[in-house]
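The structure appears right after this line, and notes come after that.
Residue numbers (this note's numbering), protein chains in the order written: chain D, 11 to 252; chain F, 671 to 774; chain R, 1056 to 1685.
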């Protein structure tokens, strides 16, 4: 039991350092791909923390959803948007306000939260005696949550809760996911070249068969012919990549 | 120090949240911005599970909440990326500096 | 008969109905072209009949009748509308309806070929409505309303031929001059209202007990304030009755059609100023300073206008200055306390001056729109009726026994005997009046014809009113003088106990009549047949004097100079002040808002991250503040 506690502690610090380091890397690394990979590291460390917090099911979900799904989606995003090298579009020196003000705000936020955490005004022990330390093992094992985790990592318990107490949020979450899926498809759906071209004035007037403006645009249209086809080619390329 | 308690987790998530906040506020790459949002959401997630673990183990409601947040963040990320790609098609860049559309 | 008395308010309504019928009828093209005369003359005739019936039913003591109903409430202030009729009001009613009737008949001939025939009659009806309502008003405020309405009618009618620039300018000038006076009048009314409203239990501004209100106001305002108030009220009559210094509009108003000059600018509207003084007599009489000012304004106007009239060559303008002069007499009479004499002269003047104007209109009509007397002469042969009636009017105005002017004017002069200077002015002006009136008469009707057209007598519809007006012009003074056994004018119209000895003073009359005959002789010598004295030589001999009179005592020039050198620079300064200082302050506000907006605008840069920064910064601030408080 003692060893296990020590292992817990060592694991906590390890995961904590990995997590913070990964997060800092996500924010500060020049290359966006490295950032994505460091994000994966962060997610995995968080999964580790979940295990330490008696939440193996959440840990698994974390790895599956974040570590696998989200990271891969983000990397797809990087691929689709990063036609320039996969680094920050820096180019020139960033003005101070782009990092100084966020830095001040973020530091102040952190400082404020940590200070309030330590301030006696917010002594959580005053609210509930169980706050600071883990519950005594003898008592802990009588708690239903702990028993559920001991039994099968809480899967049954979570499943029961989801389909009883949290049924409505669960259904709503499923609707949300469906909507998100449809929304993502519609938003990222590529318009067909004809459709896209219809927005352009010169083509539409060409189709109309020459109103006054159409005539004046005819020469323009001819000049733009090459350009339009180039666009089309590039679009095909991106489609191929997709 | 070695006895890991709720305070440790809260402090940790505070730091993670602040890092994410800084990233959200400062990054120029929209993808990085989405990543930082995920960091913030994860900080909240850890908090939920930690509170569940240390405060009330009568049931696993905190974990359930974190599952919902997981769901929401997945949806957010997918829609966010879709929006980003649509934007990218229009502006052919992922630079947040160029996305100054929220202006009358 | 009681219905007639109670419904006397109908008298102004008749012309209003006629006005409405003409406007609506001509607008919808239902009404035939030349039907205005019948309608308006009919309405006025109805009014005259109503007035006469009322008069017959009114007696025997001629107690004032007053009916009024609340019109508008504003807090504790209640203004009412209604009618008030006393002897002076009755007199005005009679004058307005009878003179109007004849002039409206005359107008049919005078304006027959004018394209604005119906419009002219509509304006006439509107004027009649306003004037009769003014006469019947039961309180000062109501009177002011109709006072302005006659002003509007006058404006419309002066500018009747508005395509002529001179007519449009004259109308504007009349309007502006009257504005100055009306400003004073309104201010005076408001001051009187202020001083009577809280301290006077009776109906405010009502004519029924004006003397009580005046006493209260005198007590409340003190003598100085009360005098100022009285003089402010007097500014209204000064402008309306064309007294110096607000007189310059009246000669220019002759740009209007001649029937208008006869009706509005000789007989009725300009007399409204005198009528207002009569109505407000309780206020003026308890302020000696105001009375003195009124008397002197009237006297000076009488003299100055008479001198100007000497040099005028335009027949209508000469008559206009004559009107001014006679109005000066009336105002002077009011000022010296000869209430009845003033109103008596108002009445006789209304008849003979209306007739003189109509004669001048007849002459102008006969000479094909020629107004310059230098191009007339010898018209006696061509238009005998006009000439005869003009002669009657001239004799009447000069005050030769027994014509009406003799009785009324000499009564005024007789009343002024207590103030020698005014008396001297009155007598001299009587001589001047005789001179300039006979001058116009000789220049127009005697000698050889100097024009180029073929003068002809006017049609019947025009000369019948002339003859009809000649009768009262000649006789009404004598009839009401108290010499024939008939009740005298003062028996009907008087103000309280007569302030001065009124009644024919034959010594004074003889003096003034001798002056008048002197004026006549001089006019005959200069302009009559033998031409014993050459006007041209006099003109060169007394060149500066002639220049002074020819330029109308430089009043117009002075006003022009003031407008140009005082008013316009001041206006420019005001404009500069407005544009630079006021607009500067306004602009500063705007630019401050603009600048702060510009500063805040940088916050709205369209970047989500900036918004998020603000968002989190705000949360942080709020949290720290809350922490501080809690």
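C-beta: ideal position from N, C-alpha, C; glycine also.
Item	Value
Measure the C-alpha to C-alpha separation of residue 1106 of chain R and residue 1187 of chain R and round it to an integer number of angstroms.	11 Å
Which partner residues does residue 1000 of chain R have in the DSSP bridge list?	With chain R running from 1056 to 1685 in the structure shown, residue 1000 of chain R is simply not present.
Under 8 Å by Cβ, that's how I've got residue 1236 of chain R and residue 1171 of chain R pegged, so tell me the actual separation to the nearest angstrom.	Not really, about 28 Å apart at Cβ, beyond 8 Å.
Measure the CB-CB distance between residue 1197 of chain R and residue 1136 of chain R and report whether it falls below 8 Å.	yes
Against chain D, does residue 728 of chain F count as a neighbour if the rule is that its beta carbon must be under 8 Å from one of theirs?	yes
Would residue 122 of chain D pass as an interface residue toward chain R - the criterion being a Cβ-Cβ separation below 8 Å?	yes
Can you check which of these residues, R:1533, R:1490 and R:1505, is closest to residue 1571 of chain R by C-alpha distance?	R:1490
Indicate whether at least one CB of chain F lies closer than 8 Å to the CB of residue 1649 of chain R.	no
List the residues of chain R that residue 714 of chain F touches, going by C-beta distances under 7 Å, in chain order.	Those within 7 Å of residue 714 of chain F in chain R number zero; the least Cβ separation is about 15 Å.
Between the beta-carbon of residue 1132 of chain R and the beta-carbon of residue 1259 of chain R, is there less than 8 Å?	yes
Determine the extent of the alpha helix (DSSP H) in which residue 164 of chain D is found, giving its start and end residues.	Looking at the DSSP string, residue 164 of chain D is not in any alpha helix (DSSP H), and its letter there is neither H nor E.
Examine the ligand FAD and report whether any of its heavy atoms sits within less than 7 Å of the Cβ of residue 1205 of chain R.	Ligands in the displayed structure: none, and consequently the ligand FAD is not present.
Provide the residue(s) that pair with residue 1140 of chain R in DSSP beta bridges, ordered along the chain.	R:1120
Under three-state DSSP, which class holds residue 109 of chain D?	coil
How many angstroms separate the CA atom of residue 790 of chain F from the CA atom of residue 108 of chain D?	The requested residue 790 of chain F is not part of the displayed model; chain F covers only 671 to 774.
Is there a Cβ of chain R sitting closer than 8 Å to that of residue 694 of chain F, yes or no?	yes
Would residue 1067 of chain R be called buried (16 or more neighbouring beta carbons within 10 Å of its own) or exposed?	buried
Could you please give me the residues that DSSP links to residue 1427 of chain R through a beta bridge?	R:1369
Below 8 Å CB to CB, which residues in the same chain sit around residue 1531 of chain R once its five sequence neighbours on both sides are set aside?	1402, 1403, 1406 and 1459
Looking at the strands, I want to know which residues DSSP matches up with residue 197 of chain D.	Per DSSP, none; premise fails for residue 197 of chain D.
Would you call the CB atoms of residue 1499 of chain R and residue 1370 of chain R closer than 8 Å?	yes
Taking 7 Å as the limit between beta carbons, can you name the residues of its chain near residue 1525 of chain R, skipping five residues before and five after?	1410, 1444 and 1447
My output table needs one value for residue 1125 of chain R: the three-state DSSP class, helix, strand or coil.	strand
Which residues of chain F have a Cβ atom closer than 7 Å to the Cβ of residue 1661 of chain R, listed in chain order?	770, 771, 772 and 773
Which whole-angstrom value is the C-beta distance of residue 1201 of chain R and residue 1189 of chain R, which I expect to be below 8 Å?	4 Å
Could you give the distance in angstroms between the alpha-carbon of residue 1363 of chain R and the alpha-carbon of residue 1600 of chain R?	11 Å
What is the DSSP secondary structure of residue 1133 of chain R, counted as helix, strand or coil?	strand
Helix, strand or coil for residue 1237 of chain R? Go by DSSP, reduced to three states.	helix
Interface residues of chain F around residue 173 of chain D at Cβ under 8 Å?	Correct list: empty, because the minimum Cβ distance to chain F is about 11 Å.
Expressed to the nearest angstrom, what Euclidean distance is found between the alpha-carbon atoms of residue 1629 of chain R and residue 1644 of chain R?	21 Å
Please state the DSSP three-state secondary structure of residue 1633 of chain R.	helix
Give every residue of the same chain whose Cβ lies closer than 6 Å to the Cβ of residue 1611 of chain R, excluding the five residues on either side of it in the sequence, and list them in chain order.	1303
In this structure, how does DSSP classify residue 1264 of chain R when only helix, strand and coil are distinguished?	coil
Given a threshold of 16 other Cβ atoms within 10 Å of its Cβ, counted over all protein chains shown, does residue 1173 of chain R qualify as buried or as exposed?	buried
When DSSP labels each residue in this structure, what does residue 1638 of chain R get in the three-state scheme?	helix
With a 10 Å radius around its C-beta and 16 neighbouring C-beta atoms as the bar for buried, classify residue 1664 of chain R as buried or exposed.	buried
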